[in-house]
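Residue numbers (our numbering): 13 to 512. Glycine included, C-beta positions come from ideal geometry on N, C-alpha and C. Note that the structure is predicted; figures quoted are calculated from it, not measured.
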């Protein structure tokens, strides 16, 4: 899961890109990158947060009225800075691309590129597979007289060949700004516009909250398989989306998206309140009588408030978050996740001491974060702790860009609710019902369906057994390399001085 933006207007766009990425920082904290174009591509990227990577000195060099940006959250490959996006290629024309998602048939695509076009990607980042596939199809067109239809045809072939979840934005040097989604529309992408005295500025972004910050008018969601191209005259061209069922990732509503974003016509904050209200039935049926409802900040807030309202129990902010710590779910190592939880949450002891506390989180993935939270509340004096998840049990790996691609990491895939309750140290664990979640997000047929694969094991891209194995092998390979590299680093240290 990553955050992407793209801007095209009459003036330099670097500052818009930085502010847009800052609004999407919650989607990725591993690395960031920007590429702009005037007569040449200007690229700046590196590991770290937006504010760390882009300094005034770098921004002065990012000239051009068209550009793209990326905030990376690592799911495929390592955290090597060489894997930070955007990526560029010089032919045809010069392309710069960013994406959010995950290619699942990466071995098949890589083999085809090598066998048919003799292309060897430089890194393990699956963006290169999308970019080189598109570039290889585009080079077959009449490059002296490239038309919008030619671009759309190259995208369509790319969408047929590349399987998985992806939302992409591409600068085609000297031609315009291109965006397209996978045929199922699994990942979010929106289009906006801001009028200026010199003409319109168009923008693509992962979430609409970018437009609120920058004063853009929301135009539309980029639909499943849809292609949008903005040419040099700032004319906007659309290719209609695929006639396939939509499979938008429901985890965006549960966790990833910001509460103030509107996705497919739904305000995320409102949907999370509804998730909390739906949990009330199960809490009451279990005979639980908490003295208060608290949330795990900040993605659990709206669900907690909805639950408290529905069962008539006070909501309190019982855990205070250090906002300068990252999101523990998207920290790449288990030790790192535990360290983040330990440092970023502090209980308000006077609120929870001697109380029966219902604590609402967005989900339970590995269980270690939940266990730490229960421990924190126990140490603060809570007499009983009920851990409540606004998501159903996560039983299947995500192969579409969320960092839970190995079933051995998923506590609900391998343990019963009673075992999970004992492991995390709670007095009771309550999960959202999958049927209730499906009813909520399938009720508005006008916006299409959602992907519930991590809760149901039914993947919208069909049989993914082979791809699951490939992804798990790839992830394990990178983990082994990271461990080997760490061991080599330690052994290579100079010996400690000894006292005589």
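Can you tell me whether DSSP reads residue 462 as helix, strand or coil? strand
Mind checking which residues open and close the beta strand (DSSP E) that includes residue 212? 211–217
Spatially closest choice to residue 249 from 325, 191, 78, 112, by CA coordinates: 191
If we count the other Cβ atoms within 10 Å of its Cβ and call it buried at 16 or more, is residue 311 buried or exposed? Buried is the call here.
Using only CA atoms, which one of 32, 479, 487, 463 lies nearest to residue 223? Comparing Cα positions, the closest option is 32.
Where does residue 42 sit, in a helix, a strand or coil, going by DSSP? coil
3 or more residues per run - each beta strand (DSSP E) lying fully within the region 244–294: 248–251
Here's a check: name, in chain order, each residue in its chain whose Cβ is nearer than 7 Å to the Cβ of residue 83, leaving out the five neighbours to either side. Here the set comprises 14, 15, 33, 36, 37, 39, 40, 44, 62.
Apart from the five residues on each side of it in sequence, which residues of its chain come closer than 6 Å, Cβ to Cβ, to residue 20? 78, 189, 214, 242
Hey, would you say residue 452 sits closer than 8 Å to residue 329, going by beta carbons? no
Any idea what DSSP makes of residue 20, helix, strand or coil? strand
Taking all protein chains shown into account, do 16 or more other C-beta atoms lie within 10 angstroms of the C-beta of residue 103, making it buried, or fewer, making it exposed? The residue is exposed, with fewer than 16 neighbouring Cβ atoms inside 10 Å.
Quick one: what's residue 232 bridged to in DSSP? 203
Which one of 139, 374, 93, 67 has the shortest CA to CA distance from residue 109? Among 139, 374, 93, 67, the Cα nearest to that of residue 109 is on 139.
Could you give the first and the last residue of the continuous beta strand (DSSP E) run that contains residue 58? 53–59
Is residue 355 buried or exposed, if buried means 16 or more other CB atoms sit within 10 Å of its CB? exposed
Which residues does DSSP pair with residue 189 in a beta bridge? In the DSSP output, where bridge partners are listed per residue, residue 189 has 183, 242.
Short Cβ contact (8 Å threshold) for residue 403 with residue 444: yes
CB-CB under 7 Å to residue 275, same chain, minus the five flanking residues each way: which ones, in chain order? 200, 264, 265, 269
Rounded separation between residue 260 and residue 194 - CA only: Here the alpha carbon of residue 260 sits roughly 11 Å from the alpha carbon of residue 194.
CA-to-CA distance, residue 273 to residue 153, given in whole angstroms: 39 Å
Suppose the cutoff is 6 Å on Cβ atoms and the five residues either side in sequence are ignored; what does the same chain contact list for residue 212 look like? Counting only Cβ-Cβ distances below 6 Å, and skipping sequence neighbours, we find 205, 246.
Does the pairing of the region 370–387 with the region 293–308 give three or more beta-carbon distances under 8 Å? yes
Simplified DSSP assignment, three categories, for residue 129: helix
Does the beta-carbon of residue 104, which I'm using as the reference point, lie nearer than 7 Å to any heavy atom of the ligand NAP? For the ligand NAP, the structure offers nothing, since it holds no ligand at all.
Can the beta-carbon of residue 24 be found closer than 8 Å to that of residue 101? Not a contact, by the Cβ cut-off of 8 Å.
Determine contact between the region 410–426 and the region 384–395, defined as no fewer than three beta-carbon pairs at a distance below 8 Å. no
So, using beta-carbon positions, are residue 145 and residue 183 closer together than 8 Å? no
Is residue 334 helix, strand or coil when you go by DSSP? coil
Is it the case that the Cβ atoms of residue 401 and residue 408 are separated by a distance below 8 Å? no
Using the three-state DSSP reduction, which class does residue 14 fall into: helix, strand or coil? coil
Under 8 Å between the Cβ atoms of residue 203 and residue 160? no
Contact defined as beta carbons within less than 8 Å: I believe residue 114 pairs with residue 442. What is the distance between those atoms, to the nearest angstrom? That pair is no contact at about 30 Å.
Compute the Euclidean distance between the alpha carbons of residue 296 and residue 141, then round it to the nearest angstrom. One C-alpha to the other measures close to 50 Å.
Between residue 58 and the rest of its own chain, which residues show a CB-CB distance below 6 Å, the 5 nearest in sequence each way excluded? These residues qualify, in order along the chain: 65, 93.
Taking the alpha carbon of residue 238 as the reference point, which residue from 228, 252, 230, 229 has its own alpha carbon closest? 252
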